[in-house]
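Chemist: Got a structure here, written out as structure tokens. Questions coming.
Residue numbers (our numbering): 10 to 236.
Here it is, written out as structure tokens:
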């Protein structure tokens, strides 16, 4: 039983198949079966038309679906994972997207397990133990102390990297909001307070995922977009 907001992601292998709808209805039914019951809302559906090997690294509809999930605080439901369960690039992209997801045809594949699946896909057929031993030997040769960083205080470099990561996440969030803010402005919400009110009314979550929008928060988003 599903609850909350959802965005669906469907895949077809050719342009002809996408136009004819062949396979899409079965995927839509799979999504509907997964969402059946509970209090849920399907915000939007995205359909990826895959073509050749280029599709492994170029999925604009997936990026759009993930951006919509981040914008609305929604979860992604992938109608058909099948062979993508062996695609490390695809799986790692999902893991880094910061979006919770489930797969209608492979329920055990989710944000908690995708890292393991990606590792298996990436390392399949390789000598993992040999590479690991070589890396450890090289680290010892450089004088690196192994065994983790437990008890170490953050260095200036670590703090700088952490701050950069936070800035990158904030910029990504602002980019996700840019289209919605433009639409609200076009609709007459021109002041910071008016934009905050509208964002709250349409249910767009704040960066923390809780609380309500304020004029100050909207101003920070606009400053990042104008930077």
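Cβ coordinates follow ideal geometry from the N, Cα and C atoms, glycine included.
Cutting at 6 Å between CB atoms, please list the residues of its own chain near residue 208, excluding the five before and the five after it.
Modeler: Excluding residues within five positions, the ones whose Cβ falls inside 6 Å are 222.
Chemist: Which residue from 174, 101, 110 and 71 puts its Cα closest to that of residue 43?
Modeler: Of the candidates 174, 101, 110 and 71, the one whose C-alpha sits nearest the C-alpha of residue 43 is 110.
Chemist: Determine, using beta carbons only, whether residue 16 and residue 53 come nearer to each other than 7 Å.
Modeler: Result yes, Cβ atoms of residue 16 and residue 53 sit closer than 7 Å.
Chemist: Terminal residues of the continuous beta strand (DSSP E) containing residue 54?
Modeler: Counting along the chain, the beta strand (DSSP E) containing residue 54 begins and ends at 49 to 58.
Chemist: According to the Cβ coordinates, are residue 12 and residue 79 closer than 7 Å?
Modeler: No, they are not a contact pair.
Chemist: Provide the residue(s) that pair with residue 99 in DSSP beta bridges, ordered along the chain.
Modeler: DSSP output for residue 99 lists no bridge partner at all.
Chemist: Have a look at residue 36 and residue 149 and give me their C-alpha separation to the nearest angstrom.
Modeler: About 51 Å.
Chemist: So what's residue 87 in DSSP terms, helix, strand or just coil?
Modeler: Note: residue 87 maps to strand in three-state DSSP.
Chemist: From the DSSP output, which residues share a beta bridge with residue 200?
Modeler: Answer is none; residue 200 lacks a bridge partner.
Chemist: When you compare only the Cα positions, how much space is there between residue 134 and residue 90?
Modeler: Per-residue confidence for residue 134 stands at a pLDDT of 46, beneath the threshold of 50, marking its modelled position as unreliable; no derived number is given.
Chemist: In the stretch 166 to 230, which residue ranges form an unbroken alpha helix (DSSP H) of at least 4 residues, counting only runs that do not cross its ends?
Modeler: 201 to 210, all fully within the stretch 166 to 230.
Chemist: Measuring alpha carbon to alpha carbon, tell me which residue in 93, 227 and 40 is nearest residue 193.
Modeler: Among 93, 227 and 40, the Cα nearest to that of residue 193 belongs to 227.
Chemist: Whole angstroms are fine: how far does the CA of residue 122 sit from the CA of residue 115?
Modeler: So the two alpha carbons sit approximately 11 Å from each other.
Chemist: If the criterion is Cβ atoms closer than 7 Å, does the pair residue 19 and residue 56 meet it?
Modeler: A contact, by the Cβ cut-off of 7 Å.
Chemist: Looking only at its chain, what residues have a beta carbon closer than 8 Å to the beta carbon of residue 81, apart from the 5 residues adjacent to it on each side?
Modeler: Excluding residues within five positions, the ones whose Cβ falls inside 8 Å are 14, 16, 52, 212, 213 and 214.
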